[in-house]
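Here the structure is laid out as structure tokens; the discussion comes afterwards.
Okay, structure coming up:
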């Protein structure tokens, strides 16, 4: 079969690239190793974790907050099997949706491991060992990433687990140890903390979600401590062993004091690594650098007709970043000249409250030596937040000292993930803090905190504080 | 108070300049007379110097084309400002204190209008020099009344000359005192009006003009929206060449779509998909739209004008180059040794032309209105191709120069041309032009006149051709010559004879010395 474009990997980068290619009139195929489309994001990442986050949030509301709202129910009991099943249903409906989209756009789906024979020929090996070959003008590699294991303690997938297994647990951990206080560790850690596990987070650096603005990590620490999570920041894990049903962790603090923890499960969430196993990159002369496929500004690899997008290339490992790159590459193949502003790809953590940010962090602006001003507004001064009892969190806006242009927006609080889109819009148009402050924001909403923070950034004149 | 730096009048007939590059960055501290930017007009590149010491605030971005008199940047005299400027700067601060406090809080309730405060200064506005040969102007309309408050650069009157009507901008902010009445005719330099300079009104205006509020001074001016950025890139048009109509001068999708509505613009990729897959198979059909530089625009305008406004035609001849080549071959090493410059063909041609021009003065003349201007000297323009376009620097008094002086001058002018360093003076005033298409391999062409000159000589490549000499066919290095001339003042007899004379002189270079 001869194609214009073959996409390897059907995650959010790959399937979006395939749809855009098909929209532009290319004869397109997509190759997926697993039996369901959607990649990490839909099967074992974004979607299932959000399903569990929402379920566990309902649980903790019923358990701890309903009473104050005037709803008295007997103590809720957890049905973890049902919770996981509902999560699986959500996943199924989503991956079925992708299968439908492939059909609708007349994209051929090939199931099996795709690997290069040469730059125009891809061999597909299905799980039963059957091999087929397809030829194509252009290839988009979108094979994504896998969880990084600890060098001294590989995943046994029973007690030492990655995010994938953590979404499929059959029992409620009594004590879940989380190594790594980044996005994945904080999200899954808070799921189990809400439904009754004791959760301890061990983080090498001195703050949580360390790539985000420092204020966010500090606030998140405060809020998740309230949830009963324990934290050991600035601790380096030195050993991790499984003894029967127990996991033993040893770590060393900054003061060289040794920390010993015993739990029944240990989630290792120290990062993800680009995944290119079995892709046969060597057949076409592509060499990975630290696992990543090197690409130019057009996301083209060293081979002329081969592009790579998403987690296998440089940049943040985010589904929406991969999606933008998928569209970008497809449109380029069509002779268009699309843009991606990487600074304005938002980052989100789906804890509750959520954390979301876009643009520069305060730390980055300091390093750049840029003259900036900040404006913050706390959720607790917000009528909407008081009504819903979601008073944790704040909005922080960074703006250029001279021009007032918004340089960064950082939100921790209810619905932050949805709100950050306003920050992206404002920054894509290079709005000033005052521009946003002068736009009407509906009352009562969480978004009023953005307007108020912009007023604070403009000239320190928020109205409601 | 910030010192405003505007595009200076750089020469007659230059109406706009392009900012080639900013030598200083926004926010830099600059010294008095320090070059801060390079400006490009259609004729030359020149440096803009700081008219005050202080902190630079760039208003017009690199690449933008700005009319004469328009604001380029501001300099905020800071701690480094010299004493008199510092004193000037402190003056307005005394009047409206609101200016400083409201500036950071842009867009707060506008500070209460401050009554303009007279400074005691009076600006007398005189009739500016509007162009060569214009000696008087008539005030056609006063747009402002006597006693009106006017702002700097606000248009206050329309003035008429015999060539054009132009607008008169206020040279200061203050109260207008009209001196010359409507319909009154004034000589150049005559007093038109006085402006009693005031402060305060400007201050109020300035606080409005703080970054977030001002539409044309915004830091985001020229910033394309995401969709606009894609469209512009596909059209190959940089954002700096588009005037944004969005808030603060931002470039909207609509602005981008209106830029050069090229048929290649992909408004709806879907619609053309059936035919697009070949794009993937190679054979790009990309179309690029680039804005003309002001030099190119001027060239275009002038060339069409020449075609329309002169009676141009061309006469041809051929030159046997052997004698010149022999002579050159014999002496070029000695010449180089003695004068430090190579002996090229340009000196021979220039000398031959000068002798021809003396004998046929009409070829060296130009038309000015109803008069013919004869030049008793030969200022020979030589066409030089540069990356920015064709320029024509002038060899002055070529008739009195020696061969080596001509060669050195050619080298000097050509180097300055390619470096973009030619001044306007170096390019104006030629009486006759020589262009050499031969360097690019042209066999024969019809050169176009360089106005207001009446003739141009075209040199071409030298090719060995069989020709008849004394009844025998011999091979000789031949160059075709072309002379385009303005038939309005040059008759066929003169033009043809001139070209024949040039041919004779070149075929027997000894005559160049004797002038026979």
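Protein chains in written order, with this note's numbering: chain A, 1 to 465; chain B, 1001 to 1516.
Just so you know, even glycine gets a beta-carbon here, dropped at the ideal spot from N, CA and C.
#### Entry: Own chain partners of residue 340/A with C-beta closer than 7 Å, once the 5 adjacent residues on each side are dropped
Reading the first chain from its first residue, position 340 is the one you call residue 340/A. Taking C-beta separations shorter than 7 Å and ignoring five residues to either side along the sequence, the partners of residue 340/A in its chain run 324, 325, 328, following chain order.
### Query
Using a beta-carbon distance below 7 Å, is residue 1233/B in contact with chain A?
Stepping through the second chain from its first residue, residue 1233/B is reached at position 233. Yes, residue 1233/B counts as interfacial toward chain A.
### Residues of the stretch 330-357 of chain A with Cβ closer than 7 Å to any Cβ of chain B, in chain order
Cβ contacts with chain B come from 333, 334, 335, 336, 337, 338, 339.
### Query
Which same chain residues, not among the five before or five after residue 1367/B, have their C-beta less than 8 Å away from its C-beta?
Position 367 of the second chain, counted from the start, is the residue given in the question as residue 1367/B. Take residue 1367/B, set aside five residues on each side of it, and the residues of its chain with a beta-carbon closer than 8 Å to its own are 1373, 1452, 1454, 1486, 1488, 1489, in chain order.
### Task
Flag this pair as yes or no: are the beta carbons of residue 1603/B and residue 1030/B separated by less than 7 Å?
Any question about residue 1603/B goes unanswered here, given that chain B covers just 1001 to 1516.
#### Entry: Helix, strand or coil at residue 41/A [DSSP, three-state]
Residue mapping note: residue 41/A aligns to position 41 of the first chain, counting from 1. Residue state, collapsed to three classes: helix.
### Task
May I ask you to list, following chain order, the residues of the stretch 376-409 of chain A that have a beta carbon less than 8 Å from some beta carbon of chain B?
Of all residues in the stretch 376-409 of chain A, 400, 402, 403, 404, 405 have a Cβ within less than 8 Å of some Cβ in chain B.
### Task
Report yes if the C-beta distance between residue 197/A and residue 172/A is below 7 Å; otherwise report no.
Translated into the one-based positions of the first chain, residue 197/A becomes position 197. Translated into the one-based positions of the first chain, residue 172/A becomes position 172. Yes, the pair counts as a contact, with Cβ atoms nearer than the cut-off.
### Task
Return the CA-CA distance between residue 1147/B and residue 1193/B, expressed in angstroms with no decimal places.
The residue you call residue 1147/B lines up with position 147 of the second chain. The residue you call residue 1193/B lines up with position 193 of the second chain. Between the C-alpha atoms of residue 1147/B and residue 1193/B there is a straight-line separation of about 11 Å.
### Query
With 16 as the cutoff for other CB atoms within 10 Å, does residue 985/B come out buried or exposed?
With chain B running from 1001 to 1516 in the structure shown, residue 985/B is simply not present.
### Message
For residue 247/A, which residues in the same chain have their Cβ closer than 6 Å to its Cβ, ignoring the five residues on either side in sequence?
### Response
Locating residue 247/A in the first chain gives position 247, where the first residue counts as 1. Here the set comprises 159, 263, 266.
### Task
Answer yes or no: does any C-beta atom of chain B fall closer than 7 Å to that of residue 463/A?
Mapped onto the first chain, residue 463/A falls at position 463. Chain B contact via Cβ: absent.
### Rounded separation between residue 1507/B and residue 1351/B - CA only
For this step, residue 1507/B is matched to residue 507 along the second chain. For this step, residue 1351/B is matched to residue 351 along the second chain. C-alpha separation (whole angstroms): 13 Å.
### Task
Please confirm if the stretch 435-448 of chain A is in contact with the stretch 1020-1036 of chain B, defined as three or more CB-CB distances below 8 Å between the two stretches.
No contact exists between the stretch 435-448 of chain A and the stretch 1020-1036 of chain B.
### Contained beta strand (DSSP E) runs [length at least 3] in the stretch 160-214 of chain A, N- to C-terminal order
Within the stretch 160-214 of chain A, the runs of beta strand (DSSP E) at least 3 residues long that lie entirely inside it are, in chain order, 175-179, 198-202.
### Task
For the stretch 1224-1251 of chain B, enumerate the residues whose C-beta is nearer than 7 Å to any C-beta of chain A, in chain order.
Going along the stretch 1224-1251 of chain B in chain order, one finds 1225, 1226, 1229, 1230, 1233, 1234, 1250 with a Cβ nearer than 7 Å to chain A.
### Query
Does DSSP put residue 6/A in a helix, a strand or coil?
Along the first chain, one-based indexing puts residue 6/A at 6. Strand.
### Task
Might you give, ordered along the chain, the residues of its own chain that have their beta carbon closer than 6 Å to the beta carbon of residue 1398/B, omitting 5 neighbours on each side?
On the second chain, position 398 is the one that residue 1398/B refers to. Cβ within range, chain order: 1350, 1354, 1378, 1380.
### Query
When the Cα of residue 222/A is compared with those of 391/A, 244/A, 140/A, 17/A, which residue comes out closest?
Against the first chain, residue 222/A aligns to sequence position 222. The option with the nearest alpha carbon to residue 222/A is 391/A.
### Message
Could you check whether the Cβ of residue 415/A sits closer than 7 Å to any Cβ belonging to chain B?
### Response
As a first step, residue 415/A must be located in the first chain, where it is residue number 415. Chain B, which has no Cβ nearer than 7 Å to the Cβ of residue 415/A, makes this no.
### Task
Have a look at residue 1190/B and residue 1169/B and give me their C-alpha separation to the nearest angstrom.
What you label residue 1190/B is simply residue 190 of the second chain in a count that begins at 1. What you label residue 1169/B is simply residue 169 of the second chain in a count that begins at 1. Straight-line measurement puts the Cα of residue 1169/B at about 16 Å from the Cα of residue 1190/B.
### Query
Nearest CA to the CA of residue 1014/B: which residue from 1068/B, 1391/B, 1181/B, 1128/B?
Numbered from 1 along the second chain, position 14 holds the residue referred to as residue 1014/B. Across the set 1068/B, 1391/B, 1181/B, 1128/B, the C-alpha of 1068/B shows the shortest separation from the C-alpha of residue 1014/B.
### Query
Among residues of its own chain, excluding the 5 on either side of residue 460/A, which ones have a beta-carbon nearer than 8 Å to its beta-carbon?
As a first step, residue 460/A is located in the first chain; it is residue number 460 there, counting from the start. Only 375 meet the Cβ criterion.
### Message
Counting only C-beta atoms, is residue 450/A closer than 7 Å to chain B at any point?
### Response
Position 450 of the first chain, counting from 1, holds the residue named residue 450/A. Residue 450/A does not count as touching chain B.
### Message
With a threshold of 7 Å between beta-carbons, can residue 472/A be considered close to chain B, or not?
### Response
This structure leaves residue 472/A out entirely; chain A is present only between 1 and 465.
### Task
Evaluate residue 1275/B with the Cβ neighbour count: other Cβ atoms within 10 Å of its Cβ, from every protein chain shown; 16 or more gives buried, anything less gives exposed.
Along the second chain, read from residue 1 onward, the residue named residue 1275/B stands at position 275. Any reading at residue 1275/B must be qualified, since the residue scores a pLDDT of 42, below 50, and its modelled position is unreliable; the value itself is stated next. Exposed, because fewer than 16 other Cβ atoms sit within 10 Å of the Cβ of residue 1275/B.
### Query
The alpha helix (DSSP H) spanning residue 1498/B covers which residue range?
Residue numbering aside, residue 1498/B sits at position 498 when the second chain is read from its first letter. Residues 1492-1507.
### Query
With C-beta atoms as the reference, is residue 1123/B less than 7 Å away from residue 1195/B?
As a first step, residue 1123/B must be located in the second chain, where it is residue number 123. As a first step, residue 1195/B must be located in the second chain, where it is residue number 195. In this structure, residue 1123/B lies near residue 1195/B, with their beta-carbon atoms less than 7 Å apart.
### Query
Taking C-beta to C-beta, are residue 112/A and residue 126/A nearer than 7 Å?
Taking the first residue of the first chain as position 1, residue 112/A is located at position 112. Taking the first residue of the first chain as position 1, residue 126/A is located at position 126. If you check the CB distance, residue 112/A and residue 126/A come in under 7 Å.
#### Entry: Stretch-stretch touch, CB-based, cutoff 8 Å, three pairs: the stretch 1039-1059 of chain B with the stretch 1433-1444 of chain B
Output reads no: the stretch 1433-1444 of chain B does not touch the stretch 1039-1059 of chain B.
### Task
Please compile the residues from chain A whose C-beta is within a distance smaller than 8 Å of the C-beta of residue 1286/B.
By 1-based counting over the second chain, the position of residue 1286/B is 286. Per Cβ cutoff of 8 Å: 335.
### Query
Under the DSSP definition of a beta bridge, which residues are partnered with residue 396/A?
In the first chain, counting from the first residue as 1, residue 396/A sits at position 396. Beta-bridge partners assigned by DSSP to residue 396/A: 376/A, 410/A.
### Message
For chain A, check one thing: does any of its Cβ atoms lie closer than 7 Å to the Cβ of residue 1219/B?
### Response
The count along the second chain starts at 1 and reaches residue 1219/B at position 219. Closer than 7 Å to some Cβ of chain A, the Cβ of residue 1219/B qualifies, so yes.
### Message
Just list the residues that DSSP pairs residue 1123/B with in beta bridges.
### Response
Here residue 1123/B corresponds to residue number 123 of the second chain, with the count starting at 1. Its beta-bridge partners are 1195/B.
### Query
Is the beta carbon of residue 1005/B sitting closer than 7 Å to the one on residue 1051/B?
If you number the second chain from 1, residue 1005/B lands on position 5. If you number the second chain from 1, residue 1051/B lands on position 51. For residue 1005/B and residue 1051/B, yes; Cβs fall inside 7 Å.
### Task
Using a Cβ-Cβ cut-off of 7 Å, state whether residue 126/A counts as contacting chain C.
Of the chains in the structure shown, none is chain C; the protein chains are A and B.
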